[in-house]
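Residue numbers (the numbering used here): 383 to 808. Below: one structure, written as structure tokens.
Now the structure itself:
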């Protein structure tokens with residue numbers, strides 16, 4: 383009898399393992415296809431296909447740079463408005479994978495999710511300052527939801543959507559551990575840690591599939607290897623954690639205030655998204671770097687950061703662009719824009735500290751990496767995930783203890799100032 387029970391449990395474990403591997407591969411394919419669609423639209427819109435919207439913006443005349451994000455927002459808004467207008471019944475399931483896992487039963491509305499992802503593709507590809515990872519993870523989670531409803535029992539739906547979301551995040555950021563802990567830390571109340579095994583398998587499988595599709599394994603951000611922090615640098619990282627813990631709630635308050643301001647205009651969705659895109663376009667006349675989610679600019683901050691005045695102006699303009707894009711309702715994520723704001727904030731602090739050579743020549747890059755992790759921790763309230771994400775994206779293992787310390791400090795302060803995270807933004 384015990385042997386049959388053991389065999390049944392082993393078969394159930396093997397089944398979960400195989401499903402997790404399948405969902406990891408499927409999520410990586412969904413993320414890869416979305417990225418290829420972005421490159422195709424970039425080539426169609428700008429005759430430019432190296433993946434850098436900033437470089438594309440820099441080659442455009444001023445009028446096109448100003449109007450392109452507006453037109454992208456207008457078309458995306460028309461798409462969303464038309465779908466909602468001609469939909470005769472309310473969606474029976476959410477289009478937010480966080481809601482589907484945390485408060486729903488794991489189901490996602492297929493049609494509405496696909497339309498939302500297409501609208502996100504349009505606004506991201508036309509230069510709006512919003513992250514592409516939102517649509518990428520949504521598509522990955524949608525694959526898991528459709529598979530779960532068709533082939534598994536209802537009690538497992540949340541698990542498989544969680545696996546797919548973690549795999550999508552791992553594929554988008556090359557960070558399987560962070561993707562797994564993203565689920566564990568943020569959705570701890572609705573997903574037991576005993577179910578974390580399939581989530582990790584799916585995330586790792588997604589990363590391996592992504593490496594295969596991209597032709598090799600490379601960190602998301604290329605950084606000159608740093609030595610282990612000195613005691614003085616640990617103190618600087620902790621102090622930056624305090625600053626990020628204050629700035630994180632301010633950033634969330636700004637996004638909420640921007641959303642209220644746009645809604646107070648009582649514009650139709652197409653006009654509202656177009657207005658957000660126009661603001662981004664006008665800001666790009668000062669700094670083309672405000673286009674896109676900020677990935678290429680973060681890479682430059684980690685290799686050859688600009689001067690303090692230039693960086694300060696870029697930070698202000700990019701922050702306004704992010705607030706305009708998110709406040710107007712542009713579909714997308716805020717992960718990568720948050721990483722940019724954190725990197726710029728940390729780089730500013732690091733360049734100021736560089737006036738004291740005894741703090742080390744690499745302190746601007748160290749502070750930029752710390753800023754990325756701490757502001758992400760302050761907005762998500764997930765310190766372990768934030769620290770691991772920056773470590774996995776850059777491969778800087780020696781910084782992990784200091785990043786964990788700074789992220790815990792940032793999260794503690796941020797929670798005290800604003801109990802809601804970016805995923806429960808009131």
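No residue lacks a Cβ here, since even glycine has one placed at the ideal position from N, Cα and C.
Whole-Å CB distance - residue 483 paired with residue 540, under 8 Å assumed: Along the chain shown, one-based indexing puts residue 483 at 101. Along the chain shown, one-based indexing puts residue 540 at 158. About 5 Å separates the two Cβ atoms, so the contact holds.
Rounded separation between residue 732 and residue 781 - CA only: Indexing the chain shown from 1 puts residue 732 at position 350. Indexing the chain shown from 1 puts residue 781 at position 399. Residue 732 and residue 781: Cα-Cα distance of roughly 15 Å.
Beta-carbon spacing of residue 714, residue 513 below 8 Å: Locating residue 714 in the chain shown gives position 332, where the first residue counts as 1. Locating residue 513 in the chain shown gives position 131, where the first residue counts as 1. Yes. Within cutoff.
When 510, 491, 788, 682 are compared against residue 526, the one with the closest alpha-carbon: Sequence index remark: in the chain shown, residue 526 carries index 144 (1-based). Ranking the options by Cα distance to residue 526, first place goes to 491.
Close beta carbons around residue 572, own chain, < 7 Å, minus the five adjacent residues each side: As a first step, residue 572 must be located in the chain shown, where it is residue number 190. Residue placement at residue 572 cannot be trusted, given a pLDDT of 49 that sits under 50; what the coordinates show is reported in the next sentence. The residues are 483, 484, 540.
Cα-Cα separation between residue 794 and residue 671, rounded to whole angstroms: Sequence index remark: in the chain shown, residue 794 carries index 412 (1-based). Sequence index remark: in the chain shown, residue 671 carries index 289 (1-based). So the two alpha carbons sit approximately 32 Å from each other.
Cβ-Cβ distance between residue 499 and residue 659 below 8 Å: By 1-based counting over the chain shown, the position of residue 499 is 117. By 1-based counting over the chain shown, the position of residue 659 is 277. Against a cut-off of 8 Å, the Cβ pair of residue 659 and residue 499 comes out as no contact.
Distance between residue 547 and residue 407 (C-alpha atoms, nearest Å): Taking the chain shown and counting its residues from 1, the one referred to as residue 407 is at position 25. Taking the chain shown and counting its residues from 1, the one referred to as residue 547 is at position 165. Taking the straight line joining both Cα atoms gives about 12 Å.
Whole-number beta carbon distance between residue 735 and residue 765, since they are thought to touch under 8 Å: Walking along the chain shown from the start, residue 765 turns up at place 383. Walking along the chain shown from the start, residue 735 turns up at place 353. Cβ atoms of residue 765 and residue 735 stay farther apart than 8 Å, at about 23 Å.
For residue 441, the nearest candidate out of 429, 420, 649 (CA to CA): Along the chain shown, one-based indexing puts residue 441 at 59. Among 429, 420, 649, the Cα nearest to that of residue 441 is on 429.
Helix, strand or coil at residue 513 according to DSSP, with G and I counted as helix: Within the chain shown, numbered from 1, the residue matching residue 513 stands at position 131. Residue 513: strand per DSSP, three-state reduction.
Contact set for residue 529: own chain, Cβ-Cβ below 7 Å, skip 5 residues either direction: Here residue 529 is taken as the residue at index 147 of the chain shown, counted from 1. Excluding sequence neighbours, residue 529 sits near 405, 542.
Proximity of residue 662 and residue 703 at Cβ, strictly below 8 Å: As a first step, residue 662 is located in the chain shown; it is residue number 280 there, counting from the start. As a first step, residue 703 is located in the chain shown; it is residue number 321 there, counting from the start. Yes, the Cβ-Cβ distance between residue 662 and residue 703 is below 8 Å.
Inside the stretch 491–561 only - alpha helix (DSSP H) runs reaching at least 4 residues: 492–507, 515–533, 539–555
Neighbour-count burial assignment, residue 635, 16 or more Cβ in a 10 Å radius: Sequence index remark: in the chain shown, residue 635 carries index 253 (1-based). By the neighbour-count rule (16 or more Cβ atoms within 10 Å), residue 635 is not buried but exposed.
Counted within 10 angstroms of its Cβ, other Cβ atoms place residue 774 as buried (16 or more) or exposed: Mapped onto the chain shown, residue 774 falls at position 392. Label assigned to residue 774: buried.
According to DSSP, residues forming a beta bridge with residue 715: Residue mapping note: residue 715 aligns to position 333 of the chain shown, counting from 1. Residue 715 is bridged to 513.
Nonlocal neighbours in the same chain, by C-beta distance under 7 Å from residue 718, ignoring five residues either side: Indexing the chain shown from 1 puts residue 718 at position 336. The answer, listed in chain order, is 513, 515, 675, 676, 677.
Local conformation of residue 639 per DSSP, three classes: Within the chain shown, numbered from 1, the residue matching residue 639 stands at position 257. If DSSP states are grouped into helix, strand and coil, residue 639 belongs with the helices.
Candidates 772, 551, 769, 637, of which the one nearest residue 705 by Cα: As a first step, residue 705 is located in the chain shown; it is residue number 323 there, counting from the start. That would be 637, whose Cα lies nearest to the Cα of residue 705.
Own chain residues within Cβ distance below 7 Å of residue 680, not counting five before or after: Along the chain shown, read from residue 1 onward, the residue named residue 680 stands at position 298. Closer than 7 Å at Cβ, skipping near neighbours: 603, 721, 722, 725.
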